[in-house]
Structure formats: structure tokens, C-alpha cells
């Protein structure tokens, strides 16, 4: 009996499915962004110890743990779908290779990832309305595209020394509406945003990438690399045009000055890890930059992105 067992054929290697691997890697990046969102909110709540219950704080940690498990499942299946051995992941996960294989079956993980919901909306909905409003405004003020656009418009107004009433009069709108544009409480049309720039004597191209991302406008694939660079430059303007040294310090010197220069001015675009560091240092949302990075893969021409740029 034992001799018969020893004559068994070895376990076949993992089936290669590059499409599934790409889907899982994309999902892992989305999950990483979700972790950043939940962590930002958790950090905000931890600073409000007197008004936030331990149970509420624990709920955020639990959400992070759930997201971490989703990310692990996506990466394990990506590794398996690329035909790479799970043995290298087993020690990291503290499990045997066989246990890792059984715990993360590709079909089940595929289904779970396709049905997952982004946590920002779920967390906000679970809070009392007034608390959800405060948390959402705090998050928006830091990172969302409309708030980045509002920061750029406000900077233009401040640099030009133009009063809101003056802007309103020249735009033929109520001053309260201008106030909402500048605070990010309301999305301006492109015509209105450009008018603010024109009145303030500033180049409207400084805010066009921010308006595009705030309204969901994506460039043609052949212009994606330049659109990404323009977006990063616009984020820099909205953040008050920090120096190169300041940006590098914000990334904890995870990137070089040459990589930073390439991110802003080319040629091409650097690896995704560089773009991600720069985007976060300038208070942008990485999923916006990631959308543009994805488009650069479909140009059919060299963009400066290495094969490792997307994991």
C-alpha cells in the first residue's frame, strides 16, 4: 500500500490565468486605498477620545482587519494565477503551503472580490447622520478631488487678492455660491472654474486636471501619461507648491529626486510606487492616479513604466 502511495504522480503545478492575476492585483490596490481611507478616519476618531466610544474605535480596527484579509486573499490568488509557488507566501502567513491553498480557493476569492463593497460608504452609513457628516467632511477636506480643486481655486483667489463678492459680481452669481465653490461644498462647472482663474489672472490649466478628476473625465489613452503628470502638478499647486525637499520628506525619502522630477515632468512616468508616494504626499487620492496609470498601459508606446510598476 505504501509502495503504491509513493508511486503517485506529483501534484500538478498551479494553473496559469494572467487575467485573474491582473484582476486580483487591481483589487489589492483598491483594498490598499480602502485601508488608507479607514485608517484616516480611525486616526481622526482616536483624536476625539472624549466623544467616540471604544466600541466605535474597535469597529474601525475590525474593518481594517477585514480589509487586510481581503487583500491577503487577492494577493495569494494573484501569486497562484501567475503560476508562482505558494511556498514563498506560506511562511509570511504562518501557515503551511497546503493550508494556504485550501484557505484561498481562486473561484471563491474571485466571487468575494467581485461582490466587495468599498468601505467608505458603508462606514459612513453606519454612523449617526451628524457624525457621518463630520467624518465625511474631514475626509473630503483632506483628499477628495473636489476638495483639491477647491484648494487650488482658493489659492488663486488668495494670490490675486480678489474678494469673494468681486468674484460673484463678475460671475453673475450669488456670493454664497462662490463660497461653496471655494470650500468644496459644491462642484463648479468648468466654465465657472475657468472664470475664477481668469478673474484672478491665473492659468486655468493649473486646475483643469483637478476639475477633470472631480467630474470623472478621463483622457484618451494616448494622452494618459501627460494627463497623469499634469494631475500631479495640479495637486502640488493645490497643496501650496511645496518644495522638492518638502515632498521628498513627506514620502519619508521613499523616492529619489530624479523619480520625483520624472513624476512631474517626464519623460514617461515612473513606477506606480513612486506615483503613489507622490500622490499621497500631496493629499490626493491614489485611486485617481491609479486610473491614469492604468490608461498608460494601453497606449501601445513606451511610457517609462516598468513591468513591476503595477505589482
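Numbering (this note's numbering), first residue to last: 220 to 530. Quick reminder that beta carbons are idealized off the backbone N, C-alpha and C, glycines included.
For residue i, three-class secondary structure by DSSP
i: residue 404; result: coil
i: residue 419; result: coil
i: residue 336; result: coil
i: residue 502; result: coil
i: residue 302; result: coil
i: residue 508; result: helix
i: residue 326; result: helix
i: residue 245; result: helix
i: residue 462; result: coil
i: residue 296; result: helix
i: residue 394; result: helix
i: residue 426; result: coil
i: residue 383; result: helix
i: residue 203; result: In the structure displayed, the chain extends from 220 to 530; residue 203 sits before or after that span and is not available.
i: residue 239; result: helix
i: residue 410; result: helix
i: residue 473; result: coil
i: residue 373; result: helix
i: residue 489; result: coil
i: residue 310; result: helix
i: residue 234; result: coil
i: residue 261; result: helix
i: residue 437; result: coil
i: residue 315; result: coil
Close Cβ partners of residue i (< 6 Å) along its chain, the five nearest in sequence each way excluded
i: residue 469; result: 500
i: residue 325; result: 296
i: residue 481; result: 489
i: residue 456; result: 371, 425
i: residue 161; result: The requested residue 161 is not part of the displayed model; the chain covers only 220 to 530.
i: residue 328; result: 292, 296
i: residue 247; result: 290, 293, 294
i: residue 261; result: 279
Cut-off 7 Å between Cβ atoms - residues of its own chain near residue i, not counting five sequence neighbours on either side
i: residue 402; result: 369
i: residue 373; result: 401
i: residue 316; result: 305, 306, 309
i: residue 473; result: 496
i: residue 478; result: 489, 493
i: residue 476; result: 463, 467
Cα-Cα separation between residue i and residue j, rounded to whole angstroms
i: residue 465; j: residue 330; result: 43 Å
i: residue 405; j: residue 495; result: 27 Å
i: residue 397; j: residue 382; result: 10 Å
i: residue 342; j: residue 273; result: Note that residue 342 scores 39 on pLDDT, short of 50, meaning its location in the model is unreliable; the coordinates nonetheless yield the value given after this. Answer to the nearest angstrom: the Cα atoms are 16 Å apart.
i: residue 388; j: residue 450; result: 30 Å
i: residue 441; j: residue 515; result: 7 Å
i: residue 376; j: residue 399; result: 14 Å
i: residue 166; j: residue 421; result: Because the chain spans 220 through 530 in this model, residue 166 falls outside it and cannot be assessed.
i: residue 241; j: residue 384; result: 51 Å
i: residue 364; j: residue 237; result: 32 Å
i: residue 391; j: residue 407; result: 14 Å
i: residue 380; j: residue 393; result: 19 Å
i: residue 348; j: residue 245; result: For residue 348, the pLDDT reaches just 49, beneath the cut-off of 50, and the residue's location in the model is therefore unreliable, leaving the point undetermined.
i: residue 458; j: residue 378; result: 13 Å
i: residue 288; j: residue 485; result: 37 Å
Contacting residues, own chain, Cβ-Cβ under 8 Å from residue i (five flanking each side not counted)
i: residue 417; result: 423
i: residue 314; result: 322
i: residue 235; result: 300, 301, 302
Rounded Cβ spacing between residue i and residue j (contact assumed at less than 8 Å)
i: residue 426; j: residue 460; result: Actually they do not touch by this definition, with Cβ atoms about 13 Å apart.
i: residue 502; j: residue 367; result: 7 Å
i: residue 537; j: residue 362; result: Outside the displayed range of the chain (220 to 530) lies residue 537, so it cannot be described from this structure.
i: residue 386; j: residue 243; result: Between residue 243 and residue 386 the Cβ distance is about 48 Å, and since that is not below 8 Å, they are no contact.
i: residue 257; j: residue 277; result: Not quite, the Cβ-Cβ distance comes to about 13 Å (not below 8 Å), so this is no contact.
Next item on the list: Would you check if the region 417-431 and the region 446-466 touch, i.e. whether three or more CB-CB distances between them fall below 8 Å?
Entry: Touching, per the Cβ criterion.
Next item on the list: Take every Cβ of the region 248-255, pair it with every Cβ of the region 303-314, and state whether three or more of those distances are shorter than 8 Å.
Entry: Because the criterion of three Cβ pairs below 8 Å is not met, the region 248-255 and the region 303-314 do not touch.
Margin query: Under 8 Å: do the region 279-288 and the region 319-334 share three or more Cβ pairs, one atom per stretch?
Written below: No, the region 279-288 is not in contact with the region 319-334.
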